[in-house]
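Those letters in the sequence shown? Residues 1 to 307, by UniProt numbering. C-beta atoms are modelled at their ideal positions from N, C-alpha and C, and glycine is treated no differently. None of the values given here were measured: they were computed from a predicted structure.
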Amino acid sequence: MNNEVVSIDLGSNSFRVLKYDCLNNKIISDYHEVVGMADGLIDTGLISSEAQQRVIKALKQSIKEINYDPSIAVAVTTAAMRKASNNKEVLKNFEENTGVKFTIIDGIEEARLTLLAIKYALKREKIDSSKFILLDIGGGSTEIIVNTKEKYESHSFDFGIVTMTQKFFKHNDLQKDLNSRKLEIKKYLDSLDLNLNDYTFVATAGTPTTIAAVKLGQDFFSYDKEVVNGTIVNLDDLKDCLSIFDNSNKNEITKLVGKGRVEFIQVGIYIYQAIFEVLKKNESIVLDDGLREGVAINHCLETKCEG
Numbered sequence: 001m002n003n004e005v006v007s008i009d010l011g012s013n014s015f016r017v018l019k020y021d022c023l024n025n026k027i028i029s030d031y032h033e034v035v036g037m038a039d040g041l042i043d044t045g046l047i048s049s050e051a052q053q054r055v056i057k058a059l060k061q062s063i064k065e066i067n068y069d070p071s072i073a074v075a076v077t078t079a080a081m082r083k084a085s086n087n088k089e090v091l092k093n094f095e096e097n098t099g100v101k102f103t104i105i106d107g108i109e110e111a112r113l114t115l116l117a118i119k120y121a122l123k124r125e126k127i128d129s130s131k132f133i134l135l136d137i138g139g140g141s142t143e144i145i146v147n148t149k150e151k152y153e154s155h156s157f158d159f160g161i162v163t164m165t166q167k168f169f170k171h172n173d174l175q176k177d178l179n180s181r182k183l184e185i186k187k188y189l190d191s192l193d194l195n196l197n198d199y200t201f202v203a204t205a206g207t208p209t210t211i212a213a214v215k216l217g218q219d220f221f222s223y224d225k226e227v228v229n230g231t232i233v234n235l236d237d238l239k240d241c242l243s244i245f246d247n248s249n250k251n252e253i254t255k256l257v258g259k260g261r262v263e264f265i266q267v268g269i270y271i272y273q274a275i276f277e278v279l280k281k282n283e284s285i286v287l288d289d290g291l292r293e294g295v296a297i298n299h300c301l302e303t304k305c306e307g
């Protein structure tokens, strides 16, 4: 049992659990559900009691399905919990009801752990991992990590698909918001003084993986991460996806992207498109691996060192 770890990533929209074999660096089983934790957060500054109930229900379901001891799970939570003014009581509620103890991690640690997972994934997919720019579009924040051989620079930007969508529904000025975000990202990249041509563009999280899946003819129910991993997505694929969503009804979109993602996916694509434009890239490599894999791998490495 010592060779196994269970990692949990509770994001602003998604809840992801992983049982991982440290010895063979392999996923044993995983669980994923949309919990919409950041619903209403932008208006109230709080994680709502409805959202808390959804998370508790998802935690209990994952314990049942993956069969793990909640008290030893390595559980992290990110942007939504960082922002919520009631985060302490929310985490206490989760622990009392499920036995899972969460740690709130900052954007820097989130980037480090996600990068760790992506480096392992690129190696597994036999893709050159010396110089790449990693985009991780979350529900409440967006991380950009510039990896140059053994060094990296990361920055967490204060916008994500959930928060931007909720703002957009309220003020209806998505393009203006995106333009100012593009300037913010460009300013950050300029400060690093890079030759962007030398860097591969890699993307992780729900939006890029959904576009890759649609490109491959998969939907939410036939989603296969092993096939999605390493898929090349280009700007035309983004346009095709937007066109499919524009011409589909809610049920058809739900079948493609899954419940709880329908209202966010288009904003996710616009964010992804904006990063393509800032980086002056035509294509990106998509990987399903992310924070929960990074948390698991990090734990394996730490316990190995201690052992």
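Residues bridged to residue i (per DSSP)
{"i": "phenylalanine 157", "result": "Thr142"}
{"i": "lysine 26", "result": "Asp21"}
{"i": "leucine 134", "result": "Ile145, Val202"}
{"i": "isoleucine 66", "result": "The partner list for isoleucine 66 (beta bridge, DSSP) is empty, contrary to what the question assumes."}
{"i": "leucine 287", "result": "Thr204"}
{"i": "serine 85", "result": "In DSSP, serine 85 forms no bridge with anything."}
6 angstroms Cβ shell around residue i - same chain, five flanking residues per side excluded
{"i": "lysine 149", "result": "Ser130"}
{"i": "valine 6", "result": "Lys19, Tyr68, Ala73"}
{"i": "leucine 174", "result": "Phe168"}
{"i": "threonine 114", "result": "Asp136, Gly290, Leu291, Gly294"}
Whether residue i touches residue j by CB criterion (9 angstroms)
{"i": "residue 382", "j": "glutamate 293", "result": "Absent from the structure is residue 382, since the part of the chain shown begins at 1 and ends at 307."}
{"i": "valine 202", "j": "valine 295", "result": "no"}
{"i": "valine 76", "j": "arginine 54", "result": "no"}
{"i": "isoleucine 269", "j": "threonine 207", "result": "yes"}
{"i": "alanine 51", "j": "alanine 38", "result": "yes"}
{"i": "leucine 134", "j": "isoleucine 118", "result": "yes"}
{"i": "asparagine 13", "j": "glycine 290", "result": "no"}
{"i": "phenylalanine 220", "j": "leucine 178", "result": "no"}
{"i": "isoleucine 42", "j": "threonine 163", "result": "yes"}
{"i": "isoleucine 56", "j": "asparagine 86", "result": "no"}
Same chain only: Cβ atoms within 8 angstroms of residue i, ignoring 5 sequence neighbours per side
{"i": "methionine 1", "result": "In this predicted model, methionine 1 has a pLDDT of only 46, less than 50, meaning its place in the structure is not dependable; the value taken from the coordinates is given anyway. Around methionine 1: no qualifying Cβ."}
Where residue i falls: helix, strand or coil (DSSP)
{"i": "asparagine 234", "result": "strand"}
{"i": "arginine 261", "result": "coil"}
{"i": "isoleucine 8", "result": "strand"}
{"i": "methionine 1", "result": "Only weak support exists for where methionine 1 lies, its pLDDT of 46 falling under 50; the value from the coordinates is given anyway. Residue state, collapsed to three classes: coil."}
{"i": "isoleucine 56", "result": "helix"}
{"i": "valine 74", "result": "strand"}
{"i": "isoleucine 105", "result": "coil"}
{"i": "leucine 46", "result": "coil"}
{"i": "glutamate 125", "result": "coil"}
{"i": "valine 34", "result": "strand"}
{"i": "tyrosine 270", "result": "helix"}
{"i": "tyrosine 188", "result": "helix"}
{"i": "tyrosine 223", "result": "coil"}
{"i": "lysine 250", "result": "helix"}
Assigned exposure category for residue i - 16 Cβ within 10 Å defines buried
{"i": "isoleucine 105", "result": "buried"}
{"i": "aspartate 190", "result": "exposed"}
{"i": "threonine 78", "result": "buried"}
{"i": "glycine 45", "result": "exposed"}
{"i": "glutamate 33", "result": "buried"}
{"i": "serine 284", "result": "buried"}
{"i": "residue 313", "result": "Absent from the structure is residue 313, since the part of the chain shown begins at 1 and ends at 307."}
{"i": "asparagine 251", "result": "exposed"}
{"i": "glycine 11", "result": "buried"}
{"i": "lysine 92", "result": "exposed"}
{"i": "asparagine 249", "result": "exposed"}
Beta-carbon proximity list for residue i, same chain, < 7 angstroms, skipping 5 on both sides
{"i": "lysine 182", "result": "Ala274, Glu277, Val278"}
{"i": "aspartate 198", "result": "Lys131"}
{"i": "asparagine 3", "result": "Asp21, Cys22, Leu23"}
{"i": "lysine 186", "result": "Val278"}
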